[in-house]
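Below is one structure, written out as structure tokens; the observations come after it.
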Amino acid sequence: MRLRKFDDMHLHLRQGEMLKLVLPYTLSQCARALVMPNTSPAVLTASDLTNYRSEILQAAGSAKAGFEPLMTFKITPACDSSSIASLKSAGAIAGKLYPDGVTTNSEGGVRDFRALFPVYEAMQEAGLVLCLHGELPGAFSLDREEKFLEVLQEIAARFTRLKIVLEHVTTAAAVACVSALPANVAATITLHHLYITLDDLLGDKLNPHNFCKPVAKRPEDREALIKAATSGSAKFFFGSDSAPHSIEAKECACGAAGVYSAPVLAPLLKQLFDDAGSDQLENFVSRFGADFYGLPVNQDFIELKEEEWLVPEVLDGIKPFMAGSRLRWRLV
36 MRLRKFDDMH
46 LHLRQGEMLK
56 LVLPYTLSQC
66 ARALVMPNTS
76 PAVLTASDLT
86 NYRSEILQAA
96 GSAKAGFEPL
106 MTFKITPACD
116 SSSIASLKSA
126 GAIAGKLYPD
136 GVTTNSEGGV
146 RDFRALFPVY
156 EAMQEAGLVL
166 CLHGELPGAF
176 SLDREEKFLE
186 VLQEIAARFT
196 RLKIVLEHVT
206 TAAAVACVSA
216 LPANVAATIT
226 LHHLYITLDD
236 LLGDKLNPHN
246 FCKPVAKRPE
256 DREALIKAAT
266 SGSAKFFFGS
276 DSAPHSIEAK
286 ECACGAAGVY
296 SAPVLAPLLK
306 QLFDDAGSDQ
316 LENFVSRFGA
326 DFYGLPVNQD
336 FIELKEEEWL
346 VPEVLDGIKP
356 FMAGSRLRWR
366 LV
């Protein structure tokens, strides 16, 4: 079957050698990707953003003609509203807010969300999107997303022209909240949260490769995510949050958070939408995100073949999502 290339509206590409290893899987399936800024060091300034974009395009090589990295900057407590204009001029389309300590490279993140009101105002006037990692620092891990919803509601009520994305939602409460808010508020849903629950992380033996932030939740939460993704609601679109780490960084005493789903995006999403009896896959992965960000629909396509294959246990020293599983659809 022919399927329009994806817009992955939440992706971690890393840097250096890791970038070169993982980028080809995105290039093979996606026309665009919103690249997260929590690198080391983080993307904070216009020059940081320009340099990171250049590194990505250099790593893409000859394939860069068919791929557009959509660039973001990290919003920190030190972020100044006067920097927003230069970041936009450098090519930023969104700023990403990480609460303090809730995920990879979020140390020194935000705790006082109101202190950044001038930044949100500047982003609103510049037409930039505010992307929120929706977890409240200090709350119990399974409750962090739901506790954050009051923050989302306050920002949305105060900045009514600011486009806001609640990233990688994991709970029925978040789905309901985003659904009830005005059209300038949307959410991304990952591939892995459509498949796994907390049991897939620690219900039997501990599987560190299913450890991510926010952590996967209950079966009823997963069902709410599936319903939102497959329903045809333009408020929910695809962002993989594919976050590669070496096996050594995952299988250790203090394992890193992140699921590496990039190699299996199209086959697994096609399988899930088939199982749900939904014809909304292209809208979810290629249209709704573009519409929300004010981008034209991409004009490139991929081919999928209904043919069983086995997901490798390891790819370039990284364990992919669903490693060792047999999938029904294969990327041609």
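Residue numbering for the sequence shown follows our numbering, beginning at 36 and increasing consecutively. For glycine and all other residues, C-beta sits at the position ideal for the given N, C-alpha and C. Everything numeric in this text was worked out from a predicted model, so none of it was measured.
May I have the straight-line CA-CA distance separating Tyr328 from Gly162, to the nearest angstrom? For the purposes of this step, residue 328 is identified with residue 293 of the sequence shown, where counting begins at 1. For the purposes of this step, residue 162 is identified with residue 127 of the sequence shown, where counting begins at 1. The straight-line gap from Cα to Cα measures roughly 10 Å.
Under DSSP, the alpha helix (DSSP H) around Leu46 begins and ends at which residues? Stepping through the sequence shown from its first residue, residue 46 is reached at position 11. Leu46 -> not in any alpha helix (DSSP H); beta strand (DSSP E) instead, spanning 41 to 46.
In this structure, what does DSSP give as the bridge partners for Cys65? Residue mapping note: residue 65 aligns to position 30 of the sequence shown, counting from 1. Per DSSP, Phe41.
Residue range of the beta strand (DSSP E) that includes Arg407: Nothing can be reported for residue 407, as the shown portion of the chain is limited to 36 through 367.
Span separating the alpha-carbon of Glu255 from that of Tyr295: One-based indexing of the sequence shown puts residue 255 at position 220. One-based indexing of the sequence shown puts residue 295 at position 260. C-alpha separation (whole angstroms): 24 Å.
Who pairs with Met106 in a beta bridge, going by DSSP? Counted from its first residue, the sequence shown places residue 106 at position 71. In the DSSP output, where bridge partners are listed per residue, Met106 has Val70, Ala127.
For Met53 versus Ser281, is the C-beta spacing smaller than 9 Å? Residue numbering aside, residue 53 sits at position 18 when the sequence shown is read from its first letter. Residue numbering aside, residue 281 sits at position 246 when the sequence shown is read from its first letter. Yes, Cβ-Cβ distance for Met53 and Ser281 is below 9 Å.
Evaluate the contact criterion for the stretch 311 to 319 versus the stretch 256 to 270: three or more CB pairs, one atom per stretch, below 8 Å. yes
Please report the distance separating the alpha-carbon of Phe273 from that of Thr232. Here residue 273 corresponds to residue number 238 of the sequence shown, with the count starting at 1. Here residue 232 corresponds to residue number 197 of the sequence shown, with the count starting at 1. When rounded, the distance between both Cα atoms is 18 Å.
With a threshold of 16 other CB atoms inside 10 Å of the CB of Asn73, please say whether the residue is buried or exposed. In the sequence shown, the residue the question calls residue 73 occupies position 38. Buried, because 16 or more other Cβ atoms sit within 10 Å of the Cβ of Asn73.
Please determine if the stretch 99 to 116 and the stretch 337 to 352 are in contact, where contact requires at least 3 C-beta pairs separated by less than 8 Å. no
Secondary structure of Ser89, DSSP reduced to three states: Walking along the sequence shown from the start, residue 89 turns up at place 54. DSSP places Ser89 in helix when its eight states are reduced to three.
Count the other C-beta atoms from every protein chain shown that fall within 10 angstroms of the C-beta of Arg179, then say buried if there are 16 or more, exposed otherwise. Taking the first residue of the sequence shown as position 1, residue 179 is located at position 144. Buried is the call here.
Spatial neighbours of Ser82 within its chain, please: CB distance less than 8 Å, with the 5 preceding and 5 following residues excluded, ordered by chain position. Taking the sequence shown and counting its residues from 1, the one referred to as residue 82 is at position 47. Within the same chain, Ser82 has close Cβ partners Ala125.
CA nearest to the CA of Ala221, picked from Leu229, His227, Cys212: For the purposes of this step, residue 221 is identified with residue 186 of the sequence shown, where counting begins at 1. It is Cys212 whose Cα lies nearest to the Cα of Ala221.
Is the beta carbon of Met357 less than 9 Å from the beta carbon of Leu303? Here residue 357 is taken as the residue at index 322 of the sequence shown, counted from 1. Here residue 303 is taken as the residue at index 268 of the sequence shown, counted from 1. For Met357 and Leu303, yes; Cβs fall inside 9 Å.
Nearest-angstrom beta carbon gap, Ala95 and Leu62 [assumed within contact, 8 Å]: The residue you call residue 62 lines up with position 27 of the sequence shown. The residue you call residue 95 lines up with position 60 of the sequence shown. So it is a contact: roughly 6 Å between Cβ atoms.
Quick one: residues in its chain with C-beta nearer than 6 Å to the C-beta of Ile353, no 5 flanking neighbours on either side, listed in chain order? Here the question's residue 353 lines up with position 318 in the sequence shown. Result list for Ile353: Pro279, Tyr295, in chain order.
In the DSSP assignment, find the unbroken beta strand (DSSP E) run with Leu339 in it and report its ends. Here residue 339 corresponds to residue number 304 of the sequence shown, with the count starting at 1. Start and end: 336 to 345.
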